[in-house]
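According to my numbering, the residues represented by the sequence shown are 19 to 354, in order. From the three backbone atoms N, C-alpha and C, an ideal C-beta is built for every residue, glycine too. The model shown is predicted, which means the values in this text are computed figures rather than measured ones.
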Amino acid sequence: MYSDITRKIQLDPLPEHLALQAIDIYHVYGLEHQNKVVALKGVSFDIKKSEILGIIGPSGSGKSTLLLSLGGMLKPSAGQVFYADGIDITKMPEEEQFEYRRNNIGYVFQEQNLIPFLSAEKNIEMPMRLINTNRSKRKQRVKELMEILGIWHRRAHTPQRISGGEQQRVAIARALANNPNLIFADEPTGNVDIETSTQILELFNELKEDLGVSYLICSHDPIVGDFSDRTLEIRDGILIGEHLQDIDLTDLDSSRFLVIDNQNRITLPENAISELEGALLYTWSMTEEGILLKPLRKYDKSKGRKIKNCTTCGADIPKGVYSCPRCGAKLTRVVR
């Protein structure tokens, strides 16, 4: 699913359908001689063009660190982040990163961070001023975005004179001002009600088609899964699963597709681990339906010892027996 080829600082553009490719992203917090926290542990995934990709996970799972690393606002300890044009933003000098972000990436946060003494119109115009867009083009772009987002009638109002939902629309328009290919959104519906949350996500869905923008949304909001084309699940800095549309955050096990990452790791769901009852070793085989895992040895809690299992049918093998009492399979070694 993911490329395992380490790319250099700039190669040819990514395949036509991709907006971003992250390869083996690690991030370690903590200085030398201090306790270190590994927030990201080899995260790899792609974002497709005109896609809404959700990221879900508990607090402290690495969502915000991942978002900052992808956008070049936090340098990862290792790994690469390639954009559609083939640029690896992790290898760029800080000044070039800043310039690249302004032209290619938009940000929407839980706190809108609007400038309180500027009108909605002036707030949206600000990113274009930073790249020296001429005045007539700025005015034209602001009007276009405010009309699309239904807030043109609020153009002269300062943030405190408009509702929370309208403030978030202004923040979205500001993120779109420089025609970015990607929008990174960190809890974009965190400070608004359910109705406004739905409206914001519906807007994202419309704009991805109309403007060809891709969205990466980190959120705890249950309805984000309803509007995401895919949702990645992260836990303890590792991607453990992928979900398609209409997921239920209270029952992720029912929609989870397991991910085998670039490190050949796979994380089993908690309910699967409990069903295995402490199995320690497994044999595997290929079947018509896929890979079949069978426990080879498990731990007997009552006796405090390891138990041998038949590699054919999984039955427990009594001590000193040379064949399986259930299926008759011959054992290469006697159980001791």
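query, result
"Beta carbon of residue 139 nearer than 8 Å to that of residue 179", "no"
"Rounded separation between residue 31 and residue 102 - CA only", "6 Å"
"Endpoints, beta strand (DSSP E) assigned at residue 4", "Only positions 19 to 354 of the chain appear in the structure, and residue 4 is not among them; the question remains open."
"Through-space distance from residue 256 to residue 87, alpha-carbon basis", "15 Å"
"Backbone CA spacing between residue 57 and residue 76 [nearest angstrom]", "13 Å"
"Cβ-Cβ distance between residue 202 and residue 92 below 8 Å", "no"
"8 Å Cβ cutoff met for residue 245 and residue 270", "no"
"Residue 246 (DSSP reduced to helix, strand or coil)", "coil"
"Proximity below 8 Å, CB of residue 252 to CB of residue 73", "yes"
"Residue closest to residue 211, alpha-carbon to alpha-carbon, out of 196, 226, 224 and 186", "186"
"Three-pair Cβ contact test at 8 Å for the stretch 190 to 208 versus the stretch 121 to 129", "yes"
"Contact between the stretch 140 to 155 and the stretch 105 to 121 (3+ Cβ pairs under 8 Å)", "yes"
"Nearest-angstrom beta carbon gap, residue 42 and residue 89 [assumed within contact, 8 Å]", "Not really, about 18 Å apart at Cβ, beyond 8 Å."
"Residue from 40, 217, 333 and 36 with nearest C-alpha to residue 279", "40"
"Alpha-carbon spacing of residue 1 relative to residue 301, whole angstroms", "Missing from the structure shown is residue 1; the chain here goes from 19 to 354 and no further."
"Integer-rounded CB distance, given that residue 260 should sit under 8 Å from residue 250", "6 Å"
"Option nearest residue 192 by Cα separation, candidates 216, 157, 214 and 209", "157"
"Beta-carbon spacing of residue 83, residue 35 below 8 Å", "no"
"Any chain D beta carbon closer than 8 Å to residue 66", "Considering every chain present, this structure includes no chain D. It has just one protein chain."
"Residue from 208, 254 and 223 whose Cα sits closest to the Cα of residue 236", "208"
"Those residues which DSSP pairs with residue 127 across a bridge", "204"
"Contact belief for residue 206 with residue 99 at Cβ below 8 Å, rounded distance in angstroms", "That belief does not hold up - the Cβ atoms of residue 206 and residue 99 are roughly 21 Å apart, past 8 Å."
"Minimum length 4: unbroken alpha helix (DSSP H) runs contained in the stretch 258 to 317", "288 to 293"
"Identified DSSP bridge partners for residue 234", "71 and 202"
"Rounded separation between residue 145 and residue 303 - CA only", "56 Å"
"Between the CA atoms of residue 55 and residue 162 - distance to the nearest angstrom", "45 Å"
"Exposed unless 16 or more other CB atoms sit within 10 angstroms - verdict on residue 181", "exposed"
"Per DSSP, cross-strand counterpart(s) of residue 253", "256"
"Coarse secondary structure for residue 43, derived from DSSP in three states", "strand"
"Cα-Cα separation between residue 282 and residue 258, rounded to whole angstroms", "12 Å"
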